[in-house]
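Undergrad:
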Amino acid sequence: MVAQKLLSRIQPLLPRINRTRLSPCHVPSFLPVHRASYLSVSHSRSFAMATPHPVASTSQPAQIPALQSPHADDVKKPKESKKKDAKAAAGTGFPLELEPAPAFFDHRIKIFEELKAEYDEFVKAQPREEITVTLPDGSERKAKSWETSPMDVAKEVSKSLSERIVIAKVDGQLWDLERPLEKSCSLELLDFENEEGKKVFWHSSAHVLGEASERHYGCHLCLGPPTDDGFFYEMATDRPVTNADYPALEKVSESAIKEKQKFERLVVSKEKLLEMFNYNKYKQYLIQTKVPDGTSTTVYRCGPMVDLCVGPHIPHTGKIKAFMITKNSASYFLGDKDNDSLQRIYGISFPDKKQLTEYKAFLAEAAKRDHRKIGKDQELFFFNDLSPGSCFFLPHGTRIYNSLIELMRSEYYKRGYQEVISPNIYNSKLWETSGHWQNYTDGMFVLDIEKEKWALKPMNCPGHCLIFDSRDRSYKELPIRMAEFGIIHRNEASGALTGLTRVRRFVQDDTHVFCMPSQLEDELSALFDFMQHVYGLFGFEFRLELSTRPDNYLGTVETWDEAEAQLKKALEKQYPGQWDINPGDGAFYGPKIDITIRDALRRSFQCATIQLDFQLPERFNLKYRGPDDALNLDKPPSRPVIIHRAILGSIERFMAIITEHFAGKWPFWLSPRQILVIPVAAPYKEYAAEISDRLTGLGLFADVDNGENTLPKKIRNGEIAQYNFILVVGQEEIDARSVNVRNRDDVGTKAKGEMVPLDEIVDNLVALKKSRSLDNKLV
Ligand SMILES: [Zn+2]
Ligand SMILES: [Zn+2]
Numbered sequence: 001m002v003a004q005k006l007l008s009r010i011q012p013l014l015p016r017i018n019r020t021r022l023s024p025c026h027v028p029s030f031l032p033v034h035r036a037s038y039l040s041v042s043h044s045r046s047f048a049m050a051t052p053h054p055v056a057s058t059s060q061p062a063q064i065p066a067l068q069s070p071h072a073d074d075v076k077k078p079k080e081s082k083k084k085d086a087k088a089a090a091g092t093g094f095p096l097e098l099e100p101a102p103a104f105f106d107h108r109i110k111i112f113e114e115l116k117a118e119y120d121e122f123v124k125a126q127p128r129e130e131i132t133v134t135l136p137d138g139s140e141r142k143a144k145s146w147e148t149s150p151m152d153v154a155k156e157v158s159k160s161l162s163e164r165i166v167i168a169k170v171d172g173q174l175w176d177l178e179r180p181l182e183k184s185c186s187l188e189l190l191d192f193e194n195e196e197g198k199k200v201f202w203h204s205s206a207h208v209l210g211e212a213s214e215r216h217y218g219c220h221l222c223l224g225p226p227t228d229d230g231f232f233y234e235m236a237t238d239r240p241v242t243n244a245d246y247p248a249l250e251k252v253s254e255s256a257i258k259e260k261q262k263f264e265r266l267v268v269s270k271e272k273l274l275e276m277f278n279y280n281k282y283k284q285y286l287i288q289t290k291v292p293d294g295t296s297t298t299v300y301r302c303g304p305m306v307d308l309c310v311g312p313h314i315p316h317t318g319k320i321k322a323f324m325i326t327k328n329s330a331s332y333f334l335g336d337k338d339n340d341s342l343q344r345i346y347g348i349s350f351p352d353k354k355q356l357t358e359y360k361a362f363l364a365e366a367a368k369r370d371h372r373k374i375g376k377d378q379e380l381f382f383f384n385d386l387s388p389g390s391c392f393f394l395p396h397g398t399r400i401y402n403s404l405i406e407l408m409r410s411e412y413y414k415r416g417y418q419e420v421i422s423p424n425i426y427n428s429k430l431w432e433t434s435g436h437w438q439n440y441t442d443g444m445f446v447l448d449i450e451k452e453k454w455a456l457k458p459m460n461c462p463g464h465c466l467i468f469d470s471r472d473r474s475y476k477e478l479p480i481r482m483a484e485f486g487i488i489h490r491n492e493a494s495g496a497l498t499g500l501t502r503v504r505r506f507v508q509d510d511t512h513v514f515c516m517p518s519q520l521e522d523e524l525s526a527l528f529d530f531m532q533h534v535y536g537l538f539g540f541e542f543r544l545e546l547s548t549r550p551d552n553y554l555g556t557v558e559t560w561d562e563a564e565a566q567l568k569k570a571l572e573k574q575y576p577g578q579w580d581i582n583p584g585d586g587a588f589y590g591p592k593i594d595i596t597i598r599d600a601l602r603r604s605f606q607c608a609t610i611q612l613d614f615q616l617p618e619r620f621n622l623k624y625r626g627p628d629d630a631l632n633l634d635k636p637p638s639r640p641v642i643i644h645r646a647i648l649g650s651i652e653r654f655m656a657i658i659t660e661h662f663a664g665k666w667p668f669w670l671s672p673r674q675i676l677v678i679p680v681a682a683p684y685k686e687y688a689a690e691i692s693d694r695l696t697g698l699g700l701f702a703d704v705d706n707g708e709n710t711l712p713k714k715i716r717n718g719e720i721a722q723y724n725f726i727l728v729v730g731q732e733e734i735d736a737r738s739v740n741v742r743n744r745d746d747v748g749t750k751a752k753g754e755m756v757p758l759d760e761i762v763d764n765l766v767a768l769k770k771s772r773s774l775d776n777k778l779v
């Protein structure tokens, strides 16, 4: 599904795209593996997936907005003056626009205008017939073919509607608002709030950015798709793009927006396309490889720019009311490191200035919560260039990490899981059996040992198949729920590594359930229950999507139908009417359920997946003795089904998500600094140490502040360090064998804490940890 999502993002600029070529994983789509990224080098902040599961499509596009945006803290600044912008542009020493403009501007326009004149003649010659346009409410309107446009219909309905909408959908297909309708059809009118509308809006904005880049750099453009949080354009420039160029690019973009440049569509033959884009080898490549000989595709003109694009677009650039460059990075043409290195510029735009202000405030909040910042401030973890992408967890970070593993382990006991430990390094023969060797070597760390090839495991499944196959199995043993916190290594490009979200070394809460087909429904229900329980502990909302049989499926239709029916039944039982279906988006080896969680900033992340797999059991020839096998010796061996599942996904990435979700204010059970005991003066140090020792002995994280600071300063430091509770002790407390309690999340207790008997608070703290409650509240 994600691969398709990416594709649909790029597709508007690519008439006929080759899916394999642009797969986000650089891995053929039939492969049971998942790379985290489609970008070779990027500074983008992509919360790339690290789920354990063997799909080519689990990589997540960037969901978190650009935190490194140089504008992220603009909200604090007074309004930028135009003068300052101009100065900044001049500051780079480059003019705003090339004088004269590159020769290809006139070259393209000349061809465009000739062909457009022909096309206008063609349209004029089309018969005008009465047609019927059906709106979503079922109402019908009369119109004229080759004359009435969706915009005309919108204006008829209401002026405000016509101003609000950004794109039309004709018979289910996106359609330019000002492109005449050709026959009777259904018509939907979409605004920016609609997901597809938003994508069209951002895609159109990418053209503006492309135009500004051509005018500023004289660059050769490549691809310019919308993303989940804006858009980018990729280009070959003579000089590297820097932050200092942003004001100039924004200024040129603004002038294009002010001109209300119309997006004009034109169908052009492959021959003419090659002539039109003869100056640009990237467009040449795209035309040569994506447009079959003898066919044609569309270009769009927008001001001086003509671009290869299937569209559609907003009617004119004036619809864009706020436009901002957010970041830039280096990339490779088509994401292939053997291709030319390119510059990629990202931006965001809105139909309302207010939305940009809100977006900047959101960025500022996200930057404050950045897990890399909090990780440093709270001394949780760090990275070192001697092992890029492999995290060093400091003692306090390790406490959080272990609490997550303890959570999963405690659930495993209750839910009939069995934990195993399998090797980290395997002979290439194992990877040949699993299919990784043929198709995933780029993603693995390969070593030569005693003249043979070995590799560090990029996932646990093949090892678990060996465990299942280590002796004969009977149906009576099934289901086997095999869990492992195995260390996984994936050879991510060093330029793509980002904090804890994109790493080379990580651990997953990985499980493979080996079961009989008839057990699927119960297993799935149990998994939903497990997942819901875990996400509930963090306060995450989640969304479920079922992806069904793709065109390139393996196995029989009957097996698929049966598995999908069970998945649907299990989903419907647990979440009646609350899940979506993605037809044809399953992995080739089985259907899957993707679970997306939403954090406190309402950002989405995919952590959990539940994937059925009929193929790995075949490859490893896994079998069990079925109930009837002894009676029927001719019967082929019974094959188990494997369910790959992870709930947290990569623990590293999950830690990044929850660090930002909680903004470093950890709930008590996860907190690496739970209790700070502060003696009001030296004579009470002993009592403070006694309390701290007692709490530590009970498995809680307690510290004493015996420093030289004043009491208020110590309390303040404890608050900054996010201790959940601060216990202050003096004479009064010793006399009453009690403590004075300040609760981090209860402002009322901060001035003068509450006196609580020591025994009582100890019991309550232990109970609070055990409850794994989100509320920092003592009962
Ligand atoms: Zn376009
Ligand atoms: Zn797996």
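For the sequence shown, position 693 matches number 693 in full-length UniProt numbering, and the numbering has no gaps at all. Even for Gly, the Cβ is constructed at its ideal location relative to N, Cα and C.
Is it the case that the CB of C465 approaches a heavy atom of ligand 2 more closely than 7 angstroms?
TA: Incorrect: C465 has no Cβ contact closer than 7 angstroms to ligand 2.
Undergrad: For a test of your reading of the model: does the CB of I300 fall under 7 angstroms from any non-hydrogen atom of ligand 1? Yes or no.
TA: Sequence check: residue 300 is Tyr here, not Ile. Yes, the beta carbon of Y300 sits closer than 7 angstroms to at least one heavy atom of ligand 1.
Undergrad: Distance, Cα to Cα, F231 vs D385?
TA: Going from the Cα of F231 to the Cα of D385 covers about 31 angstroms.
Undergrad: Using a Cβ-Cβ cut-off of 6 angstroms (strictly less than) and excluding sequence neighbours within five positions of A256, which residues of its own chain qualify?
TA: Taken in chain order, the residues that qualify are V208, E211, G303, T317.
Undergrad: Would you kindly check if the distance between the Cβ of P479 and the Cβ of E523 is under 8 angstroms?
TA: Taking 8 angstroms as the Cβ cut-off, E523 and P479 qualify as a contacting pair.
Undergrad: Kindly provide the ranges of any alpha helix (DSSP H) runs that are 4 or more residues long and lie completely inside the stretch 312-359, ordered along the chain.
TA: Segments of the alpha helix (DSSP H) lying fully in the stretch 312-359: there are none.
Undergrad: If you draw a straight line from the C-alpha of N278 to the C-alpha of D307, how long is it?
TA: Taking the straight line joining both Cα atoms gives about 13 angstroms.
Undergrad: Can you name, in chain order, every residue of its own chain whose Cβ lies under 6 angstroms from the Cβ of E147, other than the five neighbours on each side?
TA: Excluding positions up to five away in sequence, the list reads R128, P180.
Undergrad: Relative to the alpha-carbon of K376, which residue among S738, A663, R772 has its alpha-carbon at the smallest distance?
TA: Nearest option by C-alpha distance: A663.
Undergrad: Quick check: the Cα distance between E492 and F382, rounded to an integer number of angstroms?
TA: If you take the alpha carbons of E492 and F382, they lie about 18 angstroms apart.
Undergrad: Would you say S428 and E452 are within 8 angstroms of each other, going by their C-beta atoms?
TA: Yes.
Undergrad: Compute every distance between the C-beta of D176 and the non-hydrogen atoms of ligand 1, then say whether any falls below 7 angstroms.
TA: Not so, every heavy atom of ligand 1 lies at least 7 angstroms from the Cβ.
Undergrad: Does the separation of the CB atoms of V729 and P679 fall below 8 angstroms?
TA: Cβ distance < 8 angstroms, so V729 and P679 count as in contact.
Undergrad: Alpha carbon to alpha carbon, how far is R471 from R639?
TA: Their Cα atoms are separated by approximately 14 angstroms.
Undergrad: Compute the beta-carbon to beta-carbon distance between F542 and I593, rounded to the nearest angstrom, for a pair I have assumed lies under 8 angstroms.
TA: Not a contact, Cβ separation roughly 11 angstroms.
Undergrad: Kindly indicate which residue of K713, H313, S213 has the alpha-carbon position closest to the one of T242.
TA: That would be S213, whose Cα lies nearest to the Cα of T242.
Undergrad: Ignoring anything shorter than 3 residues or poking outside the stretch 625-678, list the beta strand (DSSP E) runs there in chain order.
TA: Correct list: 641-650.
Undergrad: Where does E760 fall in DSSP's three states?
TA: Helix.
Undergrad: From this set, M755, L774, V739, E732, which residue's C-alpha is nearest D745's C-alpha?
TA: For the residues M755, L774, V739, E732, the minimum Cα distance to D745 belongs to L774.
Undergrad: Would residue 780 and R239 qualify as a contact pair, given that the criterion is a beta-carbon distance under 8 angstroms?
TA: The structure shown does not extend to residue 780, since the chain is modelled only from 1 to 779, so the question has no answer here.
Undergrad: Specify the secondary structure class of V153 as computed by DSSP and reduced to three states.
TA: DSSP places V153 in helix when its eight states are reduced to three.
Undergrad: Cα separation between L177 and I345?
TA: Between L177 and I345, the C-alpha separation is close to 28 angstroms.
Undergrad: Report yes if the C-beta of H644 is less than 7 angstroms from at least one heavy atom of ligand 2; otherwise report no.
TA: Yes - ligand 2 has a heavy atom lying nearer than 7 angstroms to the Cβ of H644.
Undergrad: Which residues in the same chain as L633 place their Cβ atom closer than 6 angstroms to its Cβ, once the five residues preceding and following it in sequence are excluded?
TA: Cβ within range, chain order: n/a, list empty.
Undergrad: Have a look at D229 and A364 and give me their C-alpha separation to the nearest angstrom.
TA: One C-alpha to the other measures close to 15 angstroms.
Undergrad: State yes or no: is the C-beta of C607 nearer than 7 angstroms to some heavy atom of ligand 2?
TA: For ligand 2, not one heavy atom lies less than 7 angstroms from the Cβ of C607.
Undergrad: Distance check for W669 and K770, CA to CA, integer angstroms please.
TA: Taking the straight line joining both Cα atoms gives about 7 angstroms.
Undergrad: Please classify residue 781 as buried or exposed, where buried requires at least 16 neighbouring CB atoms within 10 angstroms.
TA: The requested residue 781 is not part of the displayed model; the chain covers only 1 to 779.
Undergrad: What would DSSP say about Q578, mapped onto helix, strand or coil?
TA: Coil.
Undergrad: Have a look at D442 and Q532 and give me their C-alpha separation to the nearest angstrom.
TA: Roughly 35 angstroms between the two C-alpha positions.
Undergrad: Fully enclosed by the stretch 228-280, which beta strand (DSSP E) runs are 3 residues long or longer?
TA: As far as the stretch 228-280 is concerned, its whole beta strand (DSSP E) runs of at least 3 residues are 230-236, 263-269.
Undergrad: DSSP three-state label for G294, please.
TA: Coil.
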